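Below: one structure, written as structure tokens.
Protein chains: 2
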Amino acid sequence: MKRNTWQREAVRSALNERGDFISAQKLHTELKAEGSTIGLATVYRALTDLVTSDEADALQSPEGENLYRACSSEGHHHHLICRQCGHTEEIEAEAVESWAAQVAAEHGFTQPRHIVDVFGLCQKCS
Amino acid sequence: MKRNTWQREAVRSALNERGDFISAQKLHTELKAEGSTIGLATVYRALTDLVTSDEADALQSPEGENLYRACSSEGHHHHLICRQCGHTEEIEAEAVESWAAQVAAEHGFTQPRHIVDVFGLCQKCS
DNA sequence: ATTCGTATTGACAATCATTATCATTAGGGA
DNA sequence: TCCCTAATGATAATGATTGTCAATACGAAT
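These protein sequence lines map, in sequence, to chains A and B. If you count by this note's numbering, then the first sequence holds residues 32 to 157, one letter each, in order. If you count by this note's numbering, then the second sequence holds residues 32 to 157, one letter each, in order.
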């Protein structure tokens with residue numbers, strides 16, 4: 032049975048407040064900075080659980096880190112992510128949607144899904 | 032100036048013979064098994080160089096490992112991957128390249144990199 | 001062919017993110 | 001409140017990748 036702990040809730044609300052993608056390490060650091068005594072391992076466990084229950088989204092940064100974000104479940108969209116500060120902007124990708132579907136069909140692939148994310152340095156971090 | 036060494040050539044030919052994606056660790060293990068005295072760090076360096084010179088391409092496995100494969104076509108491109116059998120096809124994505132660069136610029140982002148991969152079921156697995 | 005400057009190598013240490021361990025703590029049903 | 005056990009947190013372990021640095025060897029110049 033799943034138990035509700037303040038730690039899990041802390042991770043959940045921290046993700047919701049933030050809105051952007053963030054790594055487990057950074058999230059833990061911020062929680063500690065706010066005075067929380069939560070452990071690093073617990074942050075990892077909470078994030079994994081949130082992803083399992085579809086309350087959060089996960090993606091890999093090019094550097095190999097796992098990034099998490101509260102799941103907005105507002106349909107399909109993509110992201111423009113600053114690899115320095117983690118700032119995220121949602122981007123329109125209508126052209127890419129149709130391109131992906133078309134390419135998949137041309138190669139005989141069915142049930143296409145795609146990963147399309149752009150990483151860069153935002154204005155502040157440039 | 033770039034020098035030609037048997038180590039670099041060993042990595043290059045090992046990748047060509049294989050055709051599939053392989054991790055740096057596995058590639059090193061196989062080379063050693065064949066009697067090579069090549070070092071692990073050198074395998075990493077060779078693979079990085081091959082990617083830089085577009086002779087090989089790299090992608091991240093869901094587990095976070097970097098996988099490398101000899102690149103048949105020239106230049107930057109993306110992949111269409113069967114999530115059932117792992118079969119991979121290279122795809123051209125000229126439209127996506129310019130789209131990614133443009134979107135990044137519009138939002139004030141610099142040094143854009145992007146992840147664009149399409150997953151589906153190939154003909155056999157459909 | 002020999003010399004020589006330096007790019008490259010390889011053994012190993014260092015990083016970094018993530019996971020496992022395990023004694024202790026604390027949900028939550030009875 | 002009691003009790004069982006899931007959850008926690010400090011820390012060790014893991015595993016991939018990168019850094020270090022003395023020794024080596026490519027290749028241009030002699």
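Even for Gly, the Cβ is constructed at its ideal location relative to N, Cα and C. Computed from a prediction, not measured in an experiment: that's the story for all the values here.
Per DSSP, cross-strand counterpart(s) of residue i
i: B:V149; result: A:H145 and B:L111
i: A:Y75; result: In the DSSP output, where bridge partners are listed per residue, A:Y75 has none listed.
i: A:E88; result: One point to set straight first is that residue 88 of chain A is Asp, not Glu, in the sequence displayed. A:D88 pairs with A:R100.
Per-residue DSSP class, three states only, for residue i
i: B:N97; result: strand
i: B:T119; result: strand
i: B:A131; result: helix
i: B:Q56; result: helix
i: B:A124; result: coil
i: A:K63; result: helix
i: A:N47; result: helix
i: B:Q154; result: coil
i: A:T68; result: coil
i: B:T83; result: helix
i: A:R39; result: helix
CB contact below 7 Å: residue i versus chain B
i: A:V82; result: no
i: A:L71; result: no
i: A:S157; result: yes
i: A:L111; result: yes
i: A:W130; result: yes
i: A:G66; result: no
i: A:D148; result: yes
i: A:A126; result: yes
CB contact below 7 Å: residue i versus chain A
i: B:F140; result: yes
i: B:F52; result: no
i: B:Q133; result: no
i: B:E120; result: yes
i: B:H108; result: no
i: B:R144; result: yes
i: B:A230; result: The question about residue 230 of chain B has no answer, for chain B in this structure spans 32 to 157.
i: B:C102; result: no
i: B:L90; result: no
i: B:L152; result: yes
i: B:A77; result: no
i: B:A87; result: no
Sequence-distant residues of the same chain with beta carbon closer than 7 Å to residue i, five excluded per side
i: A:S92; result: L98, R114 and F150
i: A:Y75; result: A55
Cβ-based neighbour list, residue i, same chain, cut-off 6 Å, excluding 5 preceding and 5 following
i: B:T119; result: H110 and I112
i: A:D88; result: R100 and C102
i: A:I122; result: H109 and L111
i: B:E59; result: According to the sequence displayed, residue 59 of chain B carries His and not Glu. These residues qualify, in order along the chain: L71 and V74.
i: A:C153; result: C113 and H118
Other residues of its chain near residue i: CB distance less than 8 Å, five sequence neighbours each side excluded
i: A:S67; result: A41
i: B:S44; result: none
i: B:N47; result: A101
i: A:I146; result: L90
i: A:I69; result: Q38, A41, V42, H59, L62 and K63
i: A:A124; result: H108, H109 and V147
### Query
With a cut-off of 8 Å, do at least 3 Cβ pairs link the segment 124-137 of chain B to the segment 72-84 of chain A?
The segment 124-137 of chain B makes no contact with the segment 72-84 of chain A; the number of CB pairs closer than 8 Å stays below 3.
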